Ligand code: NAD
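Numbering (this note's numbering), first residue to last: 1 to 273.
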């Protein structure tokens, strides 16, 4: 584990990116806090005002479904109009330049898509909260329509097929999406640089991917505002604000800029792609 002063660690991250053959990012709620989306674990988080509704309870009770939707729309109102931040933009540049093949995310806010990363290169482990779907037939439902229907009927929404409509996220007690898990495993095993960004690395099984990457021989970098349980396993730990730390990454086409200790930009030629 190497935890060095911020400026030199940014240079070191830029260097690792310049040398790698295939980088993969793994993101958590911390990458979106500067966009106005609260994270889960920070003190006072709006996500933890209420005890979560387990998936089985959602299925079993119309009252629970109504309550889940009320909470969902209350949270949406908190971060309506959120736009991608500096961390999202940095990852978009790395993907666009071909250095980063995939972004595995625990986030449900859709901000990686908004930043311009193609859907095919985003792997959502916990689903997506920007739309809903029918649990029976899979039909996609837009939230504005769901909300209008719910508010007019004072009842949880149903699909035309009669199935239960749910936000397209993974609830406590709900099975992980099999295809996303398989894709995440494949991306993790194929990379030689794995960068975990803005995650407490406490939510399983998602948090198993950084360790899998490391055990498979990839270099592991952790970028977060506080310590994580995997810091000791990491080749490089960057502690600080994600936007500040990643802002310069991937600018200037295929070259990587970072800042030297005296504040001058330092470019590192990308050599391996
Ligand atoms: P978490 O809340 O457990 O951890 C977030 C980490 O990011 C914390 O360690 C925090 O200190 C750090 N952080 C926050 N803002 C930061 C910043 N600006 N710079 C540096 N570090 C910062 O989040 P998690 O590990 O992703 O797990 C939370 C779970 O809740 C996930 O499963 C996710 O699905 C869900 N969630 C998603 C969102 C979202 O989509 N944006 C938001 C909240 C919760």
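Just so it is clear, CB atoms sit at the ideal spot from N, CA and C, and this is done for glycine as well.
Quantities reported herein were computed from a predicted structural model and do not represent experimental measurements.
For residue 40, the Cβ falls inside the 7 Å cut-off from some heavy atom of the ligand NAD.
Under DSSP, the beta-bridge partners assigned to residue 124 are 105. Within 10 angstroms of the beta-carbon of residue 156 lie 16 or more other beta-carbons, which makes it buried.
For the stretch 32-68, the continuous alpha helix (DSSP H) assignments of 4+ residues that do not extend past its boundaries occur at 55-60, in sequence order. In the three-state reduction of the DSSP assignment, residue 251 falls in the coil class, being assigned neither a helical nor a strand state.
Residue 125 places its beta carbon 8 Å or farther from that of residue 175.
Distances from the CB of residue 246 to the heavy atoms of the ligand NAD are all 7 Å or more.
Note that the C-beta distance between residue 180 and residue 100 is not below 8 Å. For residue 62, the Cβ stays outside the 7 Å cut-off from all heavy atoms of the ligand NAD. The beta carbon of residue 140 sits closer than 7 Å to those of 131 and 133, all from its chain and outside the five residues before and after it, given in chain order. Taking 8 Å as the cut-off, the beta carbon of residue 92 is found closer than this to the beta carbon of residue 117. For residue 33, same chain residues with a beta-carbon under 7 Å away, outside a window of 5 residues either side, are 39 in chain order. Scanning the stretch 177-214 for uninterrupted alpha helix (DSSP H) segments of 4 residues or longer gives 178-190, listed from N- to C-terminal end.
CA-CA distance, residue 95 to residue 63, rounds to 43 Å.
Taking a C-beta distance under 8 Å as the contact criterion, residue 46 and residue 173 do not qualify as a contact pair. The three-state reading of DSSP puts residue 152 in helix, counting H, G and I together.
Here residue 232 is not near residue 220, since their CB atoms are 8 Å or more apart.
Straight-line measurement puts the Cα of residue 28 at about 6 Å from the Cα of residue 197. Assignment of residue 243 by DSSP, reduced to helix, strand and coil, places it in the helix class. Per DSSP, reduced to three states, the secondary structure at residue 222 is strand. Assignment of residue 135 by DSSP, reduced to helix, strand and coil, places it in the coil class. In the displayed model, residue 73 falls within a helix according to three-state DSSP.
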